[in-house]
Structures are given as C-alpha cells and as structure tokens.
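Please read the structure below before turning to the comments.
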Amino acid sequence: MSVLLDIAKATRVERTMPVIATIMIPLTYAKSFSVDMVILVVCCVLTYMAFGLHNAYRDNDFTLPKYSYLLSFALLGSSIFLSVYNEKILILNFLWVLLGLIYNTISRRILFADITILVFTHHVLPALFAGWILGLQKSRILGYSIVIFFVFWFLIQIKNLKGTIEDKERGYATPATIFQNGRRFIQLFREFGFVMMLIPYFFFDAGIVFILSLLAINCVKFVCDSILSIEKNLKITRVLAVVFLLSWAVGV
C-alpha cells in the first residue's frame with residue numbers, strides 16, 4: 069500500500085490543476101462543452117503524471133519500484149492513444165512530449181528557458197488548443213493566451229528560489245544563480261505577475277466577481293508574505309494562481 073501511495077505522490081497529479089483551470093477560460097468564452105474537452109483534460113493529466121513519475125524515478129525523490137519507469141511510459145502511451153480521437157489534441161500531446169524532453173535535458177542550463185517552457189506546457193498551449201477546438205475567434209484566443217503567458221512567466225519565477233544551492237552545483241542557469249541580486253529580481257517578477265492579473269478586467273470582460281476575487285487573492289498574499297519566507301510561499305502562489313484563473317472564467 070505504501071508503494072502505491074509513493075507512486076501516486078510521485079506523479080504530482082495535483083500540479084495539473086493550473087492547466088485544468090486555464091482550460092476553463094476558453095470554455096467560458098465559448099459557452100459550450102464537448103467530449104473533446106474531456107479528452108483534452110484527461111490527456112493533460114495522464115501526460116503530466118507520466119513525466120512527473122519519470123522525473124521522480126530519475127531523481128530518486130521517492131522510494132519507487134523499478135516498474136515505475138515502465139508505468140510512466142504506460143501513462144504516456146494511454147494519453148497518446150486517447151488523443152488520436154482528435155487530431156488537435158494529438159498535436160498538442162506531441163508538443164507536450166517534445167517540450168517536456170527539452171525541459172528535462174537542456175532548458176535548466178539556459179536562462180529563463182525552463183520557465184518559458186513551463187508556461188507554454190501548463191498554460192499557453194492548453195489555452196490555445198482549447199480555444200481552437202472550441203472554435204473561438206483567433207483574436208480572442210491570441211489575446212487571452214498572451215495575457216496568460218506574461219502573468220505566469222513573471223509569477224512562476226518564484227520556483228527558482230527553491231534549492232538555489234543545488235541549482236548552482238548542477239550548473240543550472242536561473243536569476244538566483246547568475247545575478248548578484250537575482251533573488252530580488254525574482255521577487256519583483258512575482259510582484260509584477262500579480263499586478264498583471266488586472267488585465268482581464270480591462271480588456272477581457274471579466275466583471276465584479278473577478279475584481280472581488282483579486283482583492284481576496286492579494287489579501288491572502290499580503291498575509292502570507294508577512295509571515296512566511298518567499299520560498300515557503302511557492303505553494304501559496306500556485307494556489308492563488310489557480311484561483312486567479314478560475315475567477316477569470318467565472319467572472320466573464
């Protein structure tokens with residue numbers, strides 16, 4: 069039982085929540101739902117679980133059995149098999165795999181490459197392809213995708229504040245390992261990401277519910293920033309990011 073629990077933890081399936089929340093935005097604008105969207109979400113979860121388990125096995129993050137490596141390929145294979153149902157989802161799946169491989173190999177040694185890839189795999193590509201599948205106008209798809217890109221590109225820089233000593237030893241290129249004031253830059257990036265959350269209200273019809281949610285988000289952020297270190301705020305930032313996306317979807 070403990071082995072199965074470790075495998076479940078290693079998949080880090082909870083980190084697919086930002087992706088699913090991102091997909092809610094084009095769904096709301098389209099005001100429609102289809103089987104394709106269910107398959108898109110399932111494929112997203114399976115692919116992420118596959119890479120999460122693969123990385124955990126490679127990095128020895130958990131005590132995992134040897135067959136975990138094969139299980140990760142089974143999850144990925146299941147995702148690709150399901151995505152055959154819709155050629156757009158199949159294309160997205162291959163892009164996920166390609167970018168996932170780049171992320172796991174060379175991206176950490178190129179400044180900002182890891183963050184850029186994460187933003188595309190977790191937010192921009194799901195937003196673009198969901199809008200494409202739902203038949204939204206190209207201008208609408210491009211517009212919200214650009215906003216999502218910049219909000220999260222600045223916001224999730226905070227992840228590179230964790231394990232900076234290990235990052236230096238491994239030769240990873242992040243603001244915290246390269247620049248003298250890199251940690252301060254990352255904190256400023258995060259603040260700018262929260263400021264950019266206002267854009268949907270002014271340009272994408274997000275209403276009063278969205279603004280009230282942003283107020284609550286910033287109140288929680290203020291309290292957490294006051295009592296916790298910036299490194300410990302990583303999980304809080306992830307939760308607030310999901311709330312932002314869901315508030316945007318609900319507020320339209």
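Under the numbering used here, the residues of the sequence shown are numbered 69 to 320, in order. Cβ coordinates follow ideal geometry from the N, Cα and C atoms, glycine included. Here the structure is a predicted model, which means the values were calculated and not measured.
Beta-carbon separation (whole angstroms), residue i vs residue j, contact threshold 8 Å
{"i": "ASP74", "j": "PHE162", "result": "So it is not a contact: roughly 29 Å between Cβ atoms."}
{"i": "LEU202", "j": "LEU95", "result": "7 Å"}
{"i": "ALA274", "j": "VAL320", "result": "6 Å"}
{"i": "ILE91", "j": "VAL106", "result": "No, ILE91 and VAL106 are not in contact; Cβ-Cβ is about 11 Å, not under 8 Å."}
{"i": "ARG258", "j": "GLN225", "result": "6 Å"}
{"i": "ILE185", "j": "LEU167", "result": "5 Å"}
{"i": "PRO268", "j": "VAL215", "result": "6 Å"}
{"i": "VAL179", "j": "LYS230", "result": "Reading off the sequence shown, one finds Leu at residue 179, where the question assumed Val. Not really, about 17 Å apart at Cβ, beyond 8 Å."}
{"i": "VAL187", "j": "PHE217", "result": "6 Å"}
Alpha-carbon to alpha-carbon, residue j and residue i
{"i": "GLY199", "j": "SER207", "result": "10 Å"}
{"i": "VAL307", "j": "VAL288", "result": "11 Å"}
{"i": "ILE304", "j": "THR232", "result": "19 Å"}
{"i": "LEU295", "j": "LEU223", "result": "Residue identity check: residue 295 is Ile in the sequence provided, not Leu. Whole-angstrom Cα-Cα distance: 19 Å."}
{"i": "LEU150", "j": "ILE88", "result": "17 Å"}
{"i": "PHE220", "j": "ARG83", "result": "14 Å"}
{"i": "ARG177", "j": "THR245", "result": "11 Å"}
{"i": "LEU72", "j": "SER100", "result": "37 Å"}
{"i": "TYR116", "j": "LEU144", "result": "8 Å"}
{"i": "ASP235", "j": "ILE209", "result": "36 Å"}
{"i": "MET265", "j": "ASN286", "result": "10 Å"}
{"i": "TYR135", "j": "VAL263", "result": "45 Å"}
{"i": "THR255", "j": "SER175", "result": "Sequence check: residue 255 is Gln here, not Thr. GLN255 and SER175: Cα-Cα distance of roughly 21 Å."}
{"i": "ILE276", "j": "LEU139", "result": "45 Å"}
{"i": "PHE270", "j": "SER70", "result": "49 Å"}
{"i": "LEU114", "j": "ILE183", "result": "21 Å"}
{"i": "MET85", "j": "HIS190", "result": "9 Å"}
{"i": "LEU36", "j": "SER297", "result": "The requested residue 36 does not occur in the structure, where the chain is confined to residues 69 to 320."}
{"i": "ASP104", "j": "SER146", "result": "16 Å"}
{"i": "VAL291", "j": "ALA118", "result": "36 Å"}
{"i": "CYS112", "j": "GLU237", "result": "32 Å"}
{"i": "ALA181", "j": "GLN248", "result": "20 Å"}
{"i": "TRP164", "j": "ARG80", "result": "16 Å"}
{"i": "ALA284", "j": "LYS300", "result": "20 Å"}
{"i": "GLU155", "j": "ILE170", "result": "23 Å"}
{"i": "GLY152", "j": "ASP293", "result": "Checking the sequence, you will find Val at residue 152 rather than Gly. Rounded to the nearest angstrom, the two C-alpha atoms are 45 Å apart."}
{"i": "ALA76", "j": "ASP127", "result": "16 Å"}
Cβ-based neighbour list, residue i, same chain, cut-off 6 Å, excluding 5 preceding and 5 following
{"i": "TYR137", "result": "TYR125"}
{"i": "GLY250", "result": "PRO243, ALA244"}
{"i": "TYR240", "result": "ARG176"}
{"i": "SER261", "result": "The sequence as given places Gly at residue 261; Ser does not occur at that position. Once the five neighbours on either side are set aside, the close Cβ partners of GLY261 are VAL219, PHE222, LEU223."}
Beta-carbon proximity list for residue i, same chain, < 8 Å, skipping 5 on both sides
{"i": "ILE159", "result": "PHE197"}
{"i": "ALA98", "result": "GLY199, LEU202, GLY203, LEU204"}
{"i": "ALA78", "result": "GLY120, LEU121, ALA124, TYR125, ASP129, PHE130, LEU132, SER136"}
{"i": "PHE272", "result": "GLY211, TYR212, VAL215, TRP316, VAL320"}
{"i": "CYS282", "result": "Note that residue 282 is Leu in the sequence shown, not Cys. Excluding residues within five positions, the ones whose Cβ falls inside 8 Å are MET265, LEU266, TYR269, PHE312, SER315."}
Residues near residue i by beta carbon distance below 7 Å, same chain, minus five either side
{"i": "ILE93", "result": "ALA195, TYR212, LEU313, TRP316, ALA317"}
{"i": "ASN36", "result": "Outside the shown range of the chain (69 to 320) lies residue 36, about which nothing can therefore be said."}
{"i": "LYS227", "result": "LEU302"}
{"i": "PHE278", "result": "PRO268, TYR269, SER315, TRP316, GLY319"}
Return the chain-ordered ranges of every alpha helix (DSSP H) run that is complete within the stretch 239-285 and spans a minimum of 4 residues. 243-246, 250-264, 267-271
Taking only runs of the alpha helix (DSSP H) that begin and end inside the stretch 142-177, which ones reach a length of at least 4 residues, in chain order? 155-173
Which residue spans inside the stretch 195-247 form an unbroken beta strand (DSSP E) run of at least 3? none
Taking only runs of the alpha helix (DSSP H) that begin and end inside the stretch 70-131, which ones reach a length of at least 4 residues, in chain order? 70-79, 85-98, 103-127
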